[in-house]
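These notes concern the structure reproduced below.
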Amino acid sequence: MRTILVFVSISVLAAAHACCAQQEAAAAQCSVKYATDSQLLFGDVFEACKSGCQPRSDDWSQGCNPAVVPNPLRYGTCRPSQTQLVLRHLSGQGDFAAMSRFSPCTLHQHLRGRTLWLVGDSLMKNYYLALRCFLLDFWDHAKGECAPTPDPALHRAIYQAADTNISSVLGSNVITDVPRCLHLVGGGRVCWVHCVRGEEFAGTDPQAPGLLPLLQSSGVAKGRDVFFVNFGRWHYFNCLGLQEDTYRKSLHQLGEFYQATRSSFPNLIFKVSSHDHTACQPGQQAARAIKDKCVPVSEGAYPLTLGRTVASIGEQVLSRYGVPLINTYNATVALHLGHIFHPLGEVQDCLHYCSPGIPEYDMWGMFKAMQALSIKPLEPQTAGVTAAADAAAATAAADEAAAAAAAEPAAQACVPVTDTIPPPEAQQALNTLLQAPLLGPNWLLSRGFAGAPANARNWDRLAQALAGKSNVTVVTFGGSVTQGHLRESRNGSWVEEMQAWLGEAFPGVTLNVINLGRGSTTALPAAMCWYDYLPPTADLVIVEYSANGCLRLQCTSIASQRVADYEVADYEVLLRRVMRRAPNAALLSFGIFSFGSTAAAPKASGATPGAARDAPNSDLPVPFYNSGLAMHALLAEVYSIPFVSARNALYSLMWDDAALAAATGFTKRQLMQDEIHPTALGQALYGRGLVAYAMQRMLARELKVMGNGDAAGGLPGGMPYDCDGAGAPAGPAGGASGVLVDAVIRPVSPLAAQEADGDPWCVESLAFQHWHNTTSQPKPRQWTWQDAAVQDGTRRYCDHYNCYRMGLTANRPGSALTLTVDTSSAVQRVAQQPKLYPAAALNKVQLAVLYTQVPRGKLGITRLSCVANCVCGEIEMDGIAADGDGSAALAAGRTEVTSHPQCVIRIEVLDKTSSGGHVFIVQGIAVIPYTSTPLLTPVERLLLNTQT
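Here you go:
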């Protein structure tokens, strides 16, 4: 095995002599004649052609005119001074004379009967454009650019194999260009395939083959073809570093593929990435990269070792597999002025090199590598062929060329390629989506996005609706952060910010946003009641609950096995009921966090009350795991829901104002009004930043798949719920009649399994008041209707429907509230549901009273009892929270009850109190079907036992 390192292993002098001899022979046979004193490689092709030329008046040729700077037909033309700078820099190389005489005739001669596959990122695209201009007279301008295959399905498959959903190290997603080819005169092609991530080059998954395996196995590529490939730039960035694990893995994958196929496809050459001169502001992150001025490496404030490490890793890995490789990295380190100038005159692009310049130098390196690999012309050379051996070799070469030419007409019929394969609707939507500005640097926003499940439910439907400019309904659940309209953000919340961004991303769409967030609530009332407000035709549901009810380790498995906790169970029950209620809705889970500080605990040994803390400055950040994010992320993974985490994005910055300001432009005080609630700026960072970033990534992927010809979005399987097989809900108001269709998706939480997938009956707040006033309930004595969201006659919170906190209030011992409740309807509704996964029958009913509960105040205690037609266990409900958590103000007292359409219950204020007061507020009633004997595995039963 051998590795070709152009700057080390090829004898420059020998290569130069060989190249000169071949160029003289090629020029003598060439049908195109050029002026002999020209630098053809570095831009003189346009003016130096004397005969056999393609027309110079068409756009293809005018785009190659080096005298037009800036060139409106081609991005990246060098100024003459830049080309001269590159030539001076290269003039000291031993093969400079041969490079100066390099002619397109020579390269064309080696490519006849072959396809040269150029595969890589935008740097390779610049190389393709340079090659298109160098071979200007050797391809048919009338044909233009052609698809690599006349088979549209195969063309689409090549595009899909090259495309990627993997973000760059900056968090950017690519808009992949369509593969295209130039058909050379006399046979042969030059094809460019846009593929930016190394993971897509040589993947061996039969369901999602890599690009090179697909090209070779499909017959589009032939064994005589040459593959010139590169990846790396999307794996690193000067101001952030290298994703070394993915880069190395991709290189190994390419090497293993080459070893397995080199007997049939020997001509593969890997090119190491050139130096990137993008400068960084000292001490800053990627958002502070300097993008308007290319400076020498000594002034770039990034480690010079980074680019060399990328190059050396490429050499180190690929040399193990014998992959031919060229490395021109060192030649580009000093050429910071060789980059593309913005048309207005300022250097803007310090990554891509202008042409003629470094792309042409890379072309020379590729040709030398072809020489070292003994890639010879397929057609016979007439000049100098006198010996019998040479004649035999020429005959064999002629036979091979004839066979190649005979096989080409059908396979290489030119189907003109358009700029985009995708339908205009999907492509237009994708373009506007990716142009919608995000708030915050990509590197920061990407940390908050836990990734895109491969089979995320219904995001394809959402993308179709948005691309089709339909009316789109978005529903949000959450606490006060979602409700918004608080002291520092009176005019909105992250929901409004997300809505505004979505409107910018899809300007033709009518958005209907329903905010069901309410402050100081957990997922309990949402799972029990508010999911019923969800329109069955909703397109997107965003669920935010991770702080309320989860600030004392109730929702974490870090310190204890709390997957059995009710807070986690309620969250899962909410997800399942949302999926049943709106079976075609996409879901997104958004986890917030309490970015507070807490006093350090006393030392474990020898500590006494009032003793000194462990350190003089004893305030510590709230522990990373102190939220519901761990369990909620687990549930999101189970149900294929994308997950966004404010904690993951911001935890390392929130206690360091300098770092936070460097990353976002704002301090903690500017972003947060307290440890949980964002200011207006913070809400914008959440809505236009973290949530919008996740939506952009998810929708971009789906729009790309749509654009590739799959009208349904193309993501297989993974939708755990549907509705009666009809795709639309058909159940009665107050509960969908949807059923599970994937058969065995059991609840994760054993407590969630107790409610399985039944639908409660519930009335709360305004619905409670309406029910009470329209069902002939006894007139309550000493109980009055009051909206807890109102203070001093002014609404304290927002005017969303779900912001109202209407309830019946009493403040004297002995005040009794009598209500008649139908406790049989919920059981009847569950009886209509077929059970497609193993679950115990929902044979019991719980009665729940929703009431206000706070950590301090003058709230009292009541007793709940059943007084007629039904039987239930008496319970007491205290308006003061026992643990003093204070993060939730809506609690539920639950007791088992027998079924009856006229169950009479009594709620009485007791003459005892834990607060000194007797105020009690009833906000709602619910009837919940459940099972007292859920089917549990031994592990689940053990888990439940450890919690008791």
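Take the sequence shown: its letters are residues -21 to -1, 1 to 927, numbered as in mature numbering (1 follows the signal peptide of the UniProt record, and there is no 0).
C-beta: ideal position from N, C-alpha, C; glycine also.
Computed from a prediction, not measured in an experiment: that's the story for all the values here.
In DSSP terms, what residue i is bridged to
i	result
Tyr340	DSSP, once it has assigned bridges, lists no residue as partnering Tyr340.
His162	Arg168
Arg842	Glu855 and Glu887
Leu599	Thr577
Arg93	Answer is none; Arg93 lacks a bridge partner.
Ala565	Leu519
Val289	Answer is none; Val289 lacks a bridge partner.
Trp740	Val906
Cys125	Cys160 and Pro395
Ala827	Arg873 and Ala905
His318	Tyr332
Tyr215	Leu221
Beta carbon of residue i nearer than 8 Å to that of residue j
i	j	result
Val47	Cys32	no
Gly344	Tyr308	no
Leu302	Gly234	Checking the displayed sequence, the identity of residue 302 turns out to be Val instead of Leu. Yes, they are a contact pair.
residue 931	His256	Not covered by the structure: residue 931. The range shown for the chain is -21 to 927.
Tyr340	Leu69	yes
Val169	Leu114	yes
Ala517	Ala561	yes
Ala239	Leu423	no
Glu546	Ala502	yes
Gly839	Val901	no
His120	Asp37	yes
Ala783	Asp766	A small fix is needed here, since residue 783 is Tyr in this sequence, not Ala. Contact flag set, yes.
Ser82	Ala14	no
Phe21	Leu52	no
Arg212	Leu297	no
Ala805	Trp740	yes
Asn434	Thr461	no
Ala526	Ile620	no
Gly570	Leu608	yes
Leu826	Val906	yes
Phe236	Gly293	no
Gly177	Met477	no
Host beta strand (DSSP E) of residue i (start-end)
i	result
His749	Run containing His749: none in the beta strand (DSSP E); it sits in the alpha helix (DSSP H), Leu745 to Thr753.
His173	Arg168 to His173
Ser30	Cys28 to Ser30
Thr763	Thr763 to Asp766
Ala355	It is worth fixing the name first, because residue 355 is Lys in this sequence and not Ala. Looking at the DSSP string, Lys355 is not in any beta strand (DSSP E), and its letter there is neither H nor E.
Leu247	Leu247 to Lys250
Val205	Val205 to Val208
Opening and closing residue of the alpha helix (DSSP H) in which residue i lies
i	result
Cys84	Pro83 to Leu90
Ala187	Element bounds for Ala187: n/a, residue is neither H nor E.
Trp39	Asp38 to Gln41
Phe113	Ser101 to Phe113
Ala141	Pro131 to Ala141
Ala795	Ala795 -> not in any alpha helix (DSSP H); beta strand (DSSP E) instead, spanning Ala795 to Val800.
Own chain partners of residue i with C-beta closer than 7 Å, once the 5 adjacent residues on each side are dropped
i	result
Lys448	Gly487 and Val488
Thr411	Ala484, Phe485 and Pro486
Ala265	Below a pLDDT of 50, predicted positions are generally treated as unreliable, and Ala265, at 42, falls in that range; the measurement from the model is reported next regardless. Correct list, in chain order: Leu149, Phe216, Cys218, Leu219, Pro420 and Trp422.
Gly202	Ser243 and Phe244
Asn246	Asp204, Val205, Phe206, Leu352 and Ile354
Val396	Glu124, Cys125, Ala126, Val157 and Arg159
Thr797	Pro757, Val883 and Arg885
Same chain only: Cβ atoms within 6 Å of residue i, ignoring 5 sequence neighbours per side
i	result
Ser911	Lys823
Gly713	Annotation note: pLDDT 30 at Gly713 (below 50); position unreliable, coordinate value reported separately. Excluding residues within five positions, the ones whose Cβ falls inside 6 Å are Asp511.
Gly865	Its pLDDT being 49, under 50, Gly865 is placed unreliably by the model, and the measurement read from it follows with that caveat. Closer than 6 Å at Cβ, skipping near neighbours: Pro834.
Phe25	Cys43 and Asn44
Gly129	Gly is not the amino acid found at residue 129; the sequence shown has Pro there. Once the five neighbours on either side are set aside, the close Cβ partners of Pro129 are Ala392 and Val394.
Leu193	Ala140
Same chain, Cβ closer than 8 Å to residue i, five either side skipped, listed in chain order
i	result
Glu616	Pro432 and Phe622
His315	His256, Cys273, Val274, Pro275, Val276 and Cys329
Task: Segments assigned alpha helix (DSSP H), at least 4 residues, entirely inside the stretch 603 to 633 - done: 608 to 617 and 625 to 629
Open item on the list: Extract the residue ranges of the beta strand (DSSP E) inside the stretch 439 to 475, only unbroken runs of 3 or more that lie entirely within it.
Closed with: 450 to 457
TODO: Could you name each continuous beta strand (DSSP E) segment of 3 residues or more that falls completely within the stretch 482 to 534, going from the start of the chain to the end?
DONE: 489 to 494 and 519 to 523
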